[in-house]
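Student: Chains as they are written, first to last, in the working numbering: chain A, 1 to 363; chain B, 1001 to 1363. We put the beta carbon where it would ideally sit given N, CA and C, even for glycine. These numbers were taken from a predicted model, which means no experiment stands behind them.
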DNA sequence: CTGAAAGCGCTTACAG
DNA sequence: CTGAAAGCGCTTACAG
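#1: By how many angstroms is the C-alpha of residue 1089 of chain B removed from the C-alpha of residue 182 of chain A?
#2: Taking beta-carbon pairs under 8 Å, can you tell me which members of the segment 1088-1106 of chain B lie near chain A?
#3: From residue 1271 of chain B to residue 1201 of chain B, what does the alpha carbon distance come to, in whole angstroms?
#4: Kindly indicate which three-state DSSP category residue 1016 of chain B falls into: helix, strand or coil?
#5: Taking the alpha-carbon of residue 1298 of chain B as reference, which of B:1289, B:1022, B:1038, B:1280 has the nearest alpha-carbon?
#6: Could you check whether the Cβ of residue 279 of chain A sits closer than 7 Å to any Cβ belonging to chain B?
#7: For the alpha helix (DSSP H) that residue 1285 of chain B lies in, which residues bound it at each end?
#8: Among the candidates A:352, A:320, A:295, A:321, whose CA atom is the shortest distance from the CA of residue 314 of chain A?
#9: Counting only C-beta atoms, is residue 1126 of chain B closer than 7 Å to chain A at any point?
#10: Does the count of Cβ pairs from the segment 162-178 of chain A and the segment 135-145 of chain A closer than 8 Å reach three?
#11: What number of angstroms, rounded off, separates the C-alpha of residue 1025 of chain B from the C-alpha of residue 135 of chain A?
#12: Leaving out five residues on either side along the sequence, give the residues of the same chain with a beta carbon under 7 Å from the beta carbon of residue 7 of chain A.
#13: Residue 1261 of chain B to residue 1296 of chain B, Cα distance in whole Å?
#14: For the alpha helix (DSSP H) containing residue 1144 of chain B, list its first residue and its last residue.
#15: When you compare the segment 1343-1362 of chain B with the segment 1203-1219 of chain B, are there three or more beta-carbon pairs, one atom per stretch, that lie closer than 8 Å?
#16: Would you call the segment 50-57 of chain A and the segment 107-120 of chain A in contact, with 3 or more CB pairs under 8 Å?
#17: Determine contact between the segment 82-96 of chain A and the segment 299-311 of chain A, defined as no fewer than three beta-carbon pairs at a distance below 8 Å.
#18: Can you check whether the C-beta of residue 80 of chain A is within less than 7 Å of a C-beta belonging to chain B?
#19: For chain B, check one thing: does any of its Cβ atoms lie closer than 7 Å to the Cβ of residue 139 of chain A?
#20: Fully enclosed by the segment 201-240 of chain A, which alpha helix (DSSP H) runs are 4 residues long or longer?
#21: Measure the beta-carbon distance from residue 1038 of chain B to residue 1081 of chain B and round it to whole angstroms, keeping in mind my assumption that it falls under 8 Å.
#22: Could you work out which residue in A:46, A:180, A:193, A:243 is closest to residue 318 of chain A when comparing CA atoms only?
#23: If we ignore side chains and look at the alpha-carbon of each, how far apart do residue 40 of chain A and residue 30 of chain A end up?
#24: Residue 103 of chain A and residue 325 of chain A look like a contact to me (Cβ under 8 Å); what is the Cβ gap, rounded to whole Å?
#25: Roughly how many angstroms lie between the CA atoms of residue 1164 of chain B and residue 59 of chain A, to the nearest whole one?
#26: Could you spell out where the beta strand (DSSP E) holding residue 1315 of chain B opens and where it closes?
#27: Rounded C-beta distance between residue 1118 of chain B and residue 120 of chain A? I'm assuming under 8 Å.
#28: From the DSSP output, read off the bridge partner residues of residue 1184 of chain B.
#29: By the criterion of Cβ-Cβ separation under 9 Å, what are the contact partners of residue 73 of chain A in chain B?
#30: Quick check: does the Cβ of residue 118 of chain A come within less than 6 Å of any heavy atom belonging to the ligand FMN?
#31: Cα separation between residue 1224 of chain B and residue 1217 of chain B?
#32: Can residue 275 of chain A and residue 316 of chain A be called in contact, C-beta distance under 7 Å?
#33: Closer than 9 Å by beta-carbon distance: list the chain B residues that pair up with residue 121 of chain A, in chain order.
#34: Is residue 252 of chain A closer than 7 Å to residue 277 of chain A when the C-beta atoms are compared?
#35: Please name the residue in B:1354, B:1046, B:1350, B:1129 whose C-alpha comes closest to that of residue 1186 of chain B.
#36: Quick one: Cα of residue 126 of chain A to Cα of residue 35 of chain A, how far?
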């Protein structure tokens, strides 16, 4: 034991010194330098940095120690060029909510940091004529290791097909399973909608309205469907004129909030399919001189920062965006490992956060 | 005229067909393919894709047309490996405000889209022991084309020095000029502070307080200094107990908002050095039963989304984040072009947006 | 204005 | 378990 560790220590010191002597021009060491210093071939070093099992354990330990000693880091461009791949993960988004995007980014970075991979961001416009072509070029030219798709691009079947055609690994983040398990992170928005409904029902509300996002957004239809299911458990149904069509924007919440006040009979509570619209509703109430939740309780969805900035602070169903980003990144690595049936976590469930925008219904 | 265009059209059709014939395996064309099809050397094609002036105009036109016809795109890894560079722009941030980060990203992408460059995001923690080392590795291993630094990492002189040492181009976004023109985008926060002061003074306020960010954040000291200068123009000074120390967080605004109410004599207006703290102050007022701006006018800084979500909507000094991102990206390309004395725009000035959180002082 | 040769730093495919 | 040769798709340095 002692002998071995002593021996390798000395070798390392010698190797590190030799490297300093050789490296007059202060360049970074290459795989050739490591091979020469270790007295093995480049191929052996290559096997080691690629975690190939076919390497003698002692050789591996010695070379790994040497790599640390001289600070060798393989060049991602050279590796990529030779292997026709890259060490870049793409994030394709079509989501205007900054808090969501940044949190997803953060979650992905939590996982890929220290792995040598980097995150390349790629917002896009699904309505653009060149959307698919842009995405294809991005993936193909950069030879991306894989891409992570957030709603609503994650719901685009043509994009998924294109990516499969290119052989590009992808993970879709969506409210329901749209694809095989190994390609999905499911956020179970329907469950969040149910929780919101139970909360309002348990507070004694019965005249309950809602504001939806666009029908083409799966998250919105799931949230609203879950909400209606939850209400049904308490024998409550929403009349059709209580269901107002928004578009996830603050502005739509602001506009529809005014309409809510004119509904007959007036609802005592409203569920907005996201926080932005809920914030708009609160503002509409303020504008018209109301003091929510006095006349109207409001529930949102997402629990992004806006939820705690508005007054009263929003009761809302939390979307754990950072966690979702982490799971998506882990899933991407698993996908490459062929770990396709892994029992890993690939779902999140919203959690209802009770704050001040809802209160017990009183006659 | 007609003859030339006809001739080149025919050539292109032939070339594109030949490419389809040759390319049985559906691979992307390489520089060699373009050279063969065009009957020139790789080096000539290389000159053309690199915008070298030393190419015959007719040759250039013909090869460029061919490149479009067969959809050739140079491989960034191969180019990078050969030229010891990359086509990646890094964004190093240390800023917790998602709206700012996303807007800066968007602005950078506005400029680098369609250029073949991609944006790699790199949030960091300046307080970490390995901060400098991490940044160095990132820049060196990825051979970044350049990096854009946002506050407060942009204020870190050690980082700037490190980047200069590595020969990595960088652009610093900061409230004041910390570096040579060609490396700076200046946001003139001081001017925004002044505007905020004038606004409150013109509304008749004289007992005016403020909530600062951390002293180590240059933007905060600039905003507050500008505010005091603006007040001075109206003969107003803030007593020292009117200057409360926050940290740019909503939570600090919430906590200090409560303190504001206990100040003797009570201020009639307050300037918060960012919107997050202003939102916190508004919430503190609501919690304690006030209805701003009745008892207290509040001015923020940034005009991020929060400003329009809160009630009353914030009067605030706008930081044009997307524009700033665009300018920074343009500046980065100019830096590489050696266009170092270019008279290009490299400053932005905040603009005061008047909304509902401020009102005329009435006795 | 144009080109042939060498090389960037790795991996692949093959051999042993 | 290990290695020598060839090649990934470009640019550089040099020559003409």
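Tutor: Let's see:
#1: 31 Å
#2: 1088, 1098, 1099, 1101, 1102, 1103, 1105, 1106
#3: 12 Å
#4: helix
#5: B:1280
#6: yes
#7: 1275-1287
#8: A:352
#9: no
#10: yes
#11: 22 Å
#12: Since pLDDT at residue 7 of chain A reaches only 37, below the 50 mark, its modelled position is unreliable, and the value read off the structure follows with that caveat. Closer than 7 Å at Cβ, skipping near neighbours: no residue.
#13: 9 Å
#14: That residue, residue 1144 of chain B, is in no alpha helix (DSSP H); it is neither H nor E in DSSP.
#15: yes
#16: no
#17: no
#18: yes
#19: no
#20: 218-233
#21: Residue 1038 of chain B to residue 1081 of chain B, Cβ: 24 Å. No contact.
#22: A:193
#23: 14 Å
#24: 7 Å
#25: 38 Å
#26: 1315-1318
#27: 5 Å
#28: B:1172
#29: 1137, 1140, 1141
#30: Judged by which ligands are present, the structure shown has none, so any question about the ligand FMN falls away.
#31: 11 Å
#32: yes
#33: 1091, 1105, 1109, 1118, 1119, 1120, 1121
#34: yes
#35: B:1350
#36: 48 Å
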